[in-house]
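Enquirer: Chains as they are written, first to last, in the working numbering: chain E, 1408 to 1754; chain C, 1408 to 1754; chain X, 143 to 459; chain H, 143 to 459.
Submitted below is the structure of interest, expressed as structure tokens.
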Amino acid sequence: MTRMITYRDAIQEATAEEMRRDSGVFTYGIDVADHKRIFNSSKGLVEEFGPDRCFSTPLAEDAMTGFGLGAAINGMRPIHVHMRVDFLLLGMNQLVNMIATHHYGSGGTMKVPMVIRAIIGRGWGQSYQHSKALHSWFAHVPGLKVVMPSTPRDAKGMLIAAIRDDNPVVFIEHRWLYDAVGEVPEDCTSISLEGARVLRPGKDITVVGTSWMNVEAIRAAQILEKHGVDVEVVDVRSIAPFDSKTIIDSVKKTGHCVVADNDWVHCGFSAEVAAAVYEACYKQLKSPVARIGYAPVPCPCTRPLEDEFYPNAIDIIRSVESKLGLKPIDLSGEDFYSYENKFKGPF
Amino acid sequence: MTRMITYRDAIQEATAEEMRRDSGVFTYGIDVADHKRIFNSSKGLVEEFGPDRCFSTPLAEDAMTGFGLGAAINGMRPIHVHMRVDFLLLGMNQLVNMIATHHYGSGGTMKVPMVIRAIIGRGWGQSYQHSKALHSWFAHVPGLKVVMPSTPRDAKGMLIAAIRDDNPVVFIEHRWLYDAVGEVPEDCTSISLEGARVLRPGKDITVVGTSWMNVEAIRAAQILEKHGVDVEVVDVRSIAPFDSKTIIDSVKKTGHCVVADNDWVHCGFSAEVAAAVYEACYKQLKSPVARIGYAPVPCPCTRPLEDEFYPNAIDIIRSVESKLGLKPIDLSGEDFYSYENKFKGPF
Amino acid sequence: MKDLNIELYRKLYLIRKAEDAVRRDYFSDKMKTPMHMSTGGEAICVGVCHALANTDQVMGTYRSHGIYLAKSGETDQFFAEMYGKATGMAKGKAGSMHLTSPKSGLICTSAIVGTTIPVAAGAAYANKMQKNGKMVAVFFGDGAIDEGVFWETLNSACVMKLPVLFVCEDNDIAVHIPGKDRHGYRSISEVVERFDCTVFTSDSTDAEVIHKLTQDALKTIRDSGRPAFMHLKYFRYLEHVGVNEDFNQGYRDRIEYEKWRAKDPVDLQRAKLLRWCKEDEIRAIETEIESRIEQSIKKADAAPFSAPNELYEDVLA
Amino acid sequence: MKDLNIELYRKLYLIRKAEDAVRRDYFSDKMKTPMHMSTGGEAICVGVCHALANTDQVMGTYRSHGIYLAKSGETDQFFAEMYGKATGMAKGKAGSMHLTSPKSGLICTSAIVGTTIPVAAGAAYANKMQKNGKMVAVFFGDGAIDEGVFWETLNSACVMKLPVLFVCEDNDIAVHIPGKDRHGYRSISEVVERFDCTVFTSDSTDAEVIHKLTQDALKTIRDSGRPAFMHLKYFRYLEHVGVNEDFNQGYRDRIEYEKWRAKDPVDLQRAKLLRWCKEDEIRAIETEIESRIEQSIKKADAAPFSAPNELYEDVLA
Ligand SMILES: Cc1ncc(C[n+]2csc(CCOP(=O)(O)OP(=O)(O)O)c2C)c(N)n1
Ligand SMILES: Cc1ncc(C[n+]2csc(CCOP(=O)(O)OP(=O)(O)O)c2C)c(N)n1
Ligand SMILES: [Mg+2]
Ligand SMILES: [Mg+2]
């Protein structure tokens, strides 16, 4: 049985089901158990599992990250939640110096099954301290797995897999995806943490997306389709380990590649994708790889500048046009996602 | 007048001269003013400038990073020193959320002239918590400048420039460079923070190095020269802003590029270099860009594995050979740098 | 006495009315920035800021309307920033959560809890080095004291003998979590007392009381050459973020609110003023402030947004 | 009484002699790992660890030879790790700064100051959830209490009522910086007392005294359901990192050392033992330990290094 549910509910279901299955699973973090329940993604957990297994903590990201490590070493499966990935900057030392290394440093004798859920806080007027992504940072560090699901189905399946994984997994959720609705089988279980996925097959050009940028890519593809361009959209999903093969296969077929990363460009994940594609598709590439991302500035508050800051479907369309040598499409009749005009999935 | 001095003394001279020139300059951090003086790089400062302008602090990297921001806003020019760049993981929130954004967030009304000196702690048996580099992380964040000088002359000139710069500058020093000796003019002043430098001209292949990897690249070039291969070594120096032009000009000439980065490969700075080179030298490249870096693991303690972990001149030679289609050179008679056999500059 | 109380009232009323205007107009959806209101806590912002010299410096959090207005007294750049306009104090880049006004001494605010506390210590060090006599006061909530950086800074400032005033605005709540679920001690004052600094506490909503206490604290800092810590209680009238009341959410009690509302800082000060002023004298002050606010809002609404290329300005100096 | 004191002496002597062997052989340059010696602080490692059950857990710093040996009693994997060999507890990957021994309960050590403190809280939470009755003791220096993470953890553990024993090994120095230049309070105990936990202090070098105090602390944790904090003073005999004395460096006084040396934990315990044992009984214990150490060193020296491909193992589980 397949139902349509939101990304938010997918997260909630995965957590609840795993907590039912394994009494070692618990979830915690600042405001996790208040009545707003992390944008409702931890709804019902404290009622079902009690305040010992679903709890709010003091404001102490550094200590609470290390806390997860200790619980994990001792056989629990912590899920540490951050309302904004930006707050995780306070836990970076524990994450990188401690959590990522403990299995290695103990000669493989101890394991760290821990999930760190971090929400990309993009939104209306959130400014520069609530808008980072940081997946390239996490992925740079050996010993961490890093995933960014962009559909409700992947959110559920990959969160289940992350909880069951014996390694630390950084699980990055985009705030704007929370309302996205998609098909999720009733009996959805684990979906591999390792592998990109073709979200939309196409033959003319490959657009590689991370997280929310897949929504923009799909919208771009819909519009381009009307103009005879068949876009293949590949959702990266796993930033580390990184499945370059799915992307490379796609680019070998299409000969063109646009990377739409939900992050800054310089030294970002889009550089890794570009380098991998260039190396493997050297002969097949008909144009240089394009990299689309945040403007190279801190995110401003005011909406007109904020809209300029974030990359979107229009940027993707323009990039595709330039790769394929097309004239700019008149987009005046098209609808695009904006906060004011809330996205209504599924995609 | 040009003299031969060590990298360590170059750092010390730059700091002392700037402290003399400008009473707003001060230097601080854990153990900065103890009798070991950060591997002697802050020698004589407390004697000359007193404990108000050169001081050791409590162990509090997070607070002490924010402290620098406050002093900088109020017109001082702090130099915050970290004996290992790894400790800066505790200051990441202040660096990224606060320091990098303050000029922007104040609409340009306030400036943050601050230098963060961080030493890459590589050494004999230092293990996984004293061996990171992190320059790709810093460079990823708009609002920070990031440099990694690799010669005594650049160390002095770029530190002077960093201190005088009105922006936060992360200044990354490799511990093994401290003993390197090189020419530094008596009257050396500021050297631009923006720009790569051709360390050794050559025509057959370009090796792009960061920090210590330039030493390995030069050694590789010396050996390859004996075998008729003329290597051009380009020292990146500036990670942000990044001068891709010098590198691109070199690769356009040589047609081959090896990036030897003093860091992990995945999502690292080497990906940015590779992406930039591919994009600009698409027609001239005769082989794919090679990326050399740390093994994708936490750094182990024991010397035999540690030696495997770090990239070196031999890796560069092997990579050059494969790009140029040469047979492996017999290296058994060659000397290579190792901790046991201390490097004796100049290079 | 009269003058002081009038001045305090001006500031209290300015903050209350400016925020009332924000509340009234927020639903027009022209102020696209998350609002964390100072309403209910005005006595603290006003009492502390009024005790500071104009050249003294303050820092705060995302909840800094109060200190911005108390310290700067201006509403044009304030509302323009709320409206995200080019005429805002940061050309719209900052919004409500990152207000600054360097010329009035508000030099840093932040939406990451606790993060301006060490910045204040560094600013105090600079002032000490420059022997300019400036004081720095840093405002933060009872949530911020959970964070390690508070303790690192408190400790460091005590060792380094910095002229800094720590102002803990304790509303006993962090978003929706009360102090008792976050604090592993009976009272923060009792803990901080054991550090090499002086502690002042109050739960007064009388700006004059806070003003006097702050003067004492500042004098102690100057005399002792050590930091001071003020632990000041108040009640947050509205939701954590947003402009509404939230007693219907069930996580806290309206009764507690009523108790505090009965000693509302603005009403209380107005009642006191009647000792020295006639009603119409007070009304004149109020009308002047109200019309200033409406003017500022009109100007803000009419002002242009920053041009798109402004996005790329101010990244590096 | 006799048995206890013999057991304590065994552990004290094991640590002292193992480290003496490290000091003797370090210059052969076969142990390529930075050494932070426990010498001088043995009463603390031994007194605390001996009060713990075998299944109880400990965590420490880069200066953890003492707790490794006290908790595990084994020297084969210890020396093999120092020699960086495949037979080491972590196949050479950890070295001196990252010793662990999960089967003996040493589950985390770290070369970043303060970082195992919160890890201990999490481990204690797990034990509490699993109702396995295990205790966790975490060792850290007086430098670690400068770091915010200490305060965050102390506060959180008190709120969460975790069964954790904080053990501050206070040698009044962090690398070369004395406590007075880093601490903005008179006494850490006085500060921590104000948290919801129980504080125990001692400057004894008598392992029996520390043992007893730890038993009290553990009982208090069980009875009160709250954390306990032990503030224990000792003197670091050797340089911060390395195996030598460093009184010639001028930053600290030999006189203070002499005072502590006069009540050296190993000598003191040996002297006490003479109440119950004959000299040759003690010598027998010592000889056994010495020969065990020499055996372990021989084995370590003879063992192979890990093969190069071992580099890539254990990154992910
Ligand atoms: C480091 C960090 N963690 C979490 C948050 C999310 N957050 C925003 S405000 C807040 C509560 C702060 O409470 P308090 O310090 O008492 O200030 P108040 O809002 O009551 O004025 C939290 C948890 C944040 N902004 N920064
Ligand atoms: C976060 C961090 N900052 C700085 C250092 C460098 N460092 C190593 S040991 C040490 C001193 C620690 O002193 P203390 O906690 O008293 O332990 P002790 O060495 O006296 O046992 C310092 C500053 C570090 N390892 N980690
Ligand atoms: Mg509060
Ligand atoms: Mg110490």
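The beta-carbon is built from N, C-alpha and C at its ideal position, and this holds for glycine as well.
Remember, predicted model here, so these are calculated numbers, not experimental data.
If we define contact as Cβ-Cβ less than 8 Å, is X/T175 a contact residue for chain E?
Expert: It does: the Cβ of X/T175 has a partner Cβ on chain E nearer than 8 Å.
Enquirer: To the nearest angstrom, how far is the alpha carbon of X/R378 from that of X/G237?
Expert: Distance between the alpha carbons of X/R378 and X/G237 is about 21 Å.
Enquirer: Can we count X/I431 as close to ligand 1, meaning its CB is less than 7 Å from some heavy atom?
Expert: No.
Enquirer: Looking at chain X, which residues of the stretch 1557-1585 of chain E have a Cβ within less than 9 Å of any of its Cβ atoms?
Expert: Residues: none.
Enquirer: Between which two residues does the alpha helix (DSSP H) containing X/C187 stretch?
Expert: X/C187 -> alpha helix (DSSP H) spans 184-193.
Enquirer: If we cut at 8 Å on Cβ distances, does C/V1704 have a partner in chain E?
Expert: Output row for C/V1704: interface = yes.
Enquirer: Looking only at its own chain, which residues have a Cβ that is under 7 Å from the Cβ of E/D1429, when we skip the five neighbours before and after it?
Expert: Here the set comprises R1484.
Enquirer: Does DSSP put H/N451 in a helix, in a strand, or in coil?
Expert: Here H/N451 sits in helix by DSSP.
Enquirer: Does the stretch 1494-1508 of chain C come close enough to the stretch 1632-1645 of chain C that 3 or more CB-CB pairs lie under 8 Å?
Expert: As far as the Cβ criterion goes, the stretch 1632-1645 of chain C does not touch the stretch 1494-1508 of chain C, which means the pair count is below three.
Enquirer: Output needed in chain order: residues of the stretch 325-355 of chain X with a Cβ under 7 Å from some Cβ in chain H.
Expert: If the cut-off is 7 Å between Cβ atoms, the stretch 325-355 of chain X has H325, G326, Y327, E332, V333, R336, F337, D338 near chain H.
Enquirer: Are three or more beta carbon pairs between the stretch 307-322 of chain H and the stretch 220-228 of chain H nearer than 8 Å?
Expert: These segments do not touch.
Enquirer: What does a CB cutoff of less than 6 Å around E/R1399 pick up in its chain, not counting 5 residues either side in sequence?
Expert: Residue numbering for chain E in the displayed model covers 1408 to 1754; residue 1399 of chain E lies beyond these limits and cannot be assessed.
Enquirer: If you draw a straight line from the alpha carbon of H/G247 to that of H/M372, how long is it in whole angstroms?
Expert: Cα-Cα distance, rounded: 20 Å.
Enquirer: Of the choices X/R364, X/A185, X/I148, whose alpha-carbon is the least far from that of X/A138?
Expert: What is shown of chain X runs 143 to 459, which leaves residue 138 of chain X out entirely.
Enquirer: Measuring only the C-alpha atoms, how far is H/K441 from H/Y168?
Expert: The straight-line gap from Cα to Cα measures roughly 16 Å.
Enquirer: Can you confirm whether the stretch 1476-1483 of chain E touches the stretch 248-268 of chain H when touching is taken to mean that 3 or more C-beta pairs between the two stretches lie within less than 8 Å?
Expert: With a cut-off of 8 Å, the stretch 1476-1483 of chain E and the stretch 248-268 of chain H count as touching, because enough Cβ pairs lie within range.
Enquirer: Spatial neighbours of X/N451 within its chain, please: CB distance less than 7 Å, with the 5 preceding and 5 following residues excluded, ordered by chain position.
Expert: Excluding positions up to five away in sequence, the list is empty.
Enquirer: Cβ closer than 8 Å: which chain X residues qualify as neighbours of H/D323?
Expert: The contacting residues are V301.
Enquirer: What residues come near ligand 4, if near means a beta carbon less than 6 Å from any of its heavy atoms?
Expert: Answer in sequence order: H/G283, H/D284, H/G285, H/N313, H/I315, H/A316.
Enquirer: So with CB distances below 8 Å, who are the chain C contacts of H/S243?
Expert: Simply none; closest approach about 16 Å.
Enquirer: Assign X/G283 to one of three DSSP states: helix, strand, or coil.
Expert: Reduced to three states, the DSSP call for X/G283 is strand.
Enquirer: Please compile the residues from chain E whose C-beta is within a distance smaller than 9 Å of the C-beta of H/C310.
Expert: Residues of chain E passing the Cβ test: none, with the nearest at roughly 16 Å.
Enquirer: Mapping the DSSP letters down to three states, classify H/T295 as helix, strand or coil.
Expert: Of the three classes helix, strand and coil, the one that applies to H/T295 here is helix, per DSSP.
Enquirer: Is C/D1438 buried or exposed, if buried means 16 or more other CB atoms sit within 10 Å of its CB?
Expert: Its Cβ being crowded by 16 or more others within 10 Å, C/D1438 is buried.
Enquirer: May I ask you to report which of helix, strand or coil DSSP gives X/E371?
Expert: Going by the sequence as given, residue 371 of chain X is Phe instead of Glu. Of the three classes helix, strand and coil, the one that applies to X/F371 here is strand, per DSSP.
Enquirer: Any beta-carbon of chain X closer than 8 Å to the one on C/F1754?
Expert: Confidence in C/F1754 is poor, its pLDDT being 35 and thus under 50, which makes the residue's placement unreliable; the coordinate value appears in the next sentence. With 8 Å as the cut-off, C/F1754 does not count as an interface residue toward chain X.
Enquirer: Would you check if the stretch 1554-1569 of chain E and the stretch 429-448 of chain H touch, i.e. whether three or more CB-CB distances between them fall below 8 Å?
Expert: They do not touch, by the three-pair rule.
Enquirer: Under 8 Å between the Cβ atoms of E/Q1533 and X/P176?
Expert: Yes; because the gap between Cβ atoms is below 8 Å, this pair is in contact.
Enquirer: Let me make sure I understand the geometry here. Which of H/K159, H/R205, H/C191, H/Q199 has the alpha-carbon closest to that of H/M179?
Expert: Closest option to H/M179, Cα to Cα, is H/R205.
Enquirer: Considering only the beta carbon of each residue, do C/V1605 and C/P1559 sit closer than 8 Å?
Expert: Contact: no.
Enquirer: Under the three-state reduction of DSSP, which class applies to C/K1751: helix, strand or coil?
Expert: Note that C/K1751 scores a pLDDT of 40, beneath 50, so its modelled location is shaky; the value from the coordinates is reported in the next line. Here C/K1751 sits in coil by DSSP.
Enquirer: Roughly how many whole angstroms lie between the Cα atoms of H/D422 and H/E430?
Expert: One C-alpha to the other measures close to 12 Å.
Enquirer: What residues in its chain sit with their C-beta under 7 Å from that of H/I209, if we drop five residues either side in the sequence?
Expert: Excluding sequence neighbours, H/I209 sits near C187, C191, V200, G202, L248, F281.
Enquirer: Quick check on H/P446: buried or exposed, where buried means 16 or more other Cβ atoms within 10 Å of its Cβ?
Expert: Its Cβ having fewer than 16 others within 10 Å, H/P446 is exposed.
Enquirer: For C/R1410, which beta-bridge partners are listed by DSSP?
Expert: Paired residues: C/V1591.
Enquirer: Find the residues of chain E that neighbour C/P1549, judging by a C-beta separation of less than 7 Å, and give them in chain order.
Expert: The contacting residues are W1671, P1703, V1704, P1705.
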